[in-house]
Amino acid sequence: MAVNLQDLPYPKDALEPYISSKTLEFHHGKHHNTYVVNVNNLINGSKYEKMDLEEIIKSSAQDTQSVPVFNNAAQCWNHSFYWQCIKPGGGAIPSGPIRVKIEQAFGSFEKFASEFKQAGVTQFGSGWAWLILDQDKLKIIKTANADTPLAHSKKALLTVDVWEHAYYLDYQNRRADYLDIYIEKLINWDFVNSQLV
Ligand code: MN
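Under our numbering, think of the first position of the sequence shown as 14, with each following residue one higher.
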């Protein structure tokens, strides 16, 4: 089962000025696309060939001989998820069931935002910060490189890519500024709510 590169859910310039079309051109058209090409080459003729992407990730995560398959497959999934977590006109305080759950778990939206930003800032090197559902409890975690909650039987609700390629053209070394803007202007809370059900 080939892995595909889906189109972005918005035009490349739709997130400007917060994420430039140049960033999306490279991030989606080059980085994400390379993971798609790589995983298809790696699974070709292997035991993974007939699996769908989530099965490839869960299975290769258990196999130390399949680290390249895992890394490229997980990056395909993480990026497809990330594109859906943001939208033009997003950000600000969420409504709906996620707001209630966030206030229950973190005390307030502000506390959640501060913890989520902190997870992104403190992920050393490349990786991701996540809001996940762990046995019905909301938690913030961070993962290194391609690692993904899916490989640990956790349900992802929201992510932010903190690999330098996600922000360097627009923010250079200012990862904290990218995370502030991500939270204030970009998060697609409708998508996050849709992941709760
Ligand atoms: Mn990325």
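For every residue, glycine included, the Cβ atom is placed at its ideal position computed from N, Cα and C.
Measuring only the C-alpha atoms, how far is residue i from residue j?
i: residue 149; j: residue 206; result: 14 angstroms
i: residue 158; j: residue 141; result: 7 angstroms
i: residue 122; j: residue 165; result: 26 angstroms
i: residue 190; j: residue 135; result: 13 angstroms
i: residue 71; j: residue 163; result: 7 angstroms
i: residue 11; j: residue 93; result: Residue 11 lies beyond the stretch modelled for the chain, which goes from 14 to 210, so this question has no answer here.
Alpha carbons only, please: which of the options is nearest the one belonging to residue i?
i: residue 25; options: 52, 99, 141, 168; result: 99
i: residue 196; options: 101, 137, 169, 178; result: 101
i: residue 53; options: 83, 171, 192, 209; result: 83
i: residue 182; options: 14, 30, 17; result: 30
Which class does residue i belong to by DSSP, given the choice of helix, strand or coil?
i: residue 13; result: An answer regarding residue 13 cannot be provided, because it is not within the stretch 14 to 210 covered by the chain.
i: residue 167; result: coil
i: residue 151; result: strand
i: residue 28; result: coil
i: residue 161; result: coil
i: residue 66; result: helix
i: residue 106; result: coil
i: residue 87; result: helix
i: residue 138; result: coil
i: residue 18; result: coil
Suppose the cutoff is 8 angstroms on Cβ atoms and the five residues either side in sequence are ignored; what does the same chain contact list for residue i look like?
i: residue 107; result: 115, 122, 200, 202, 205, 206
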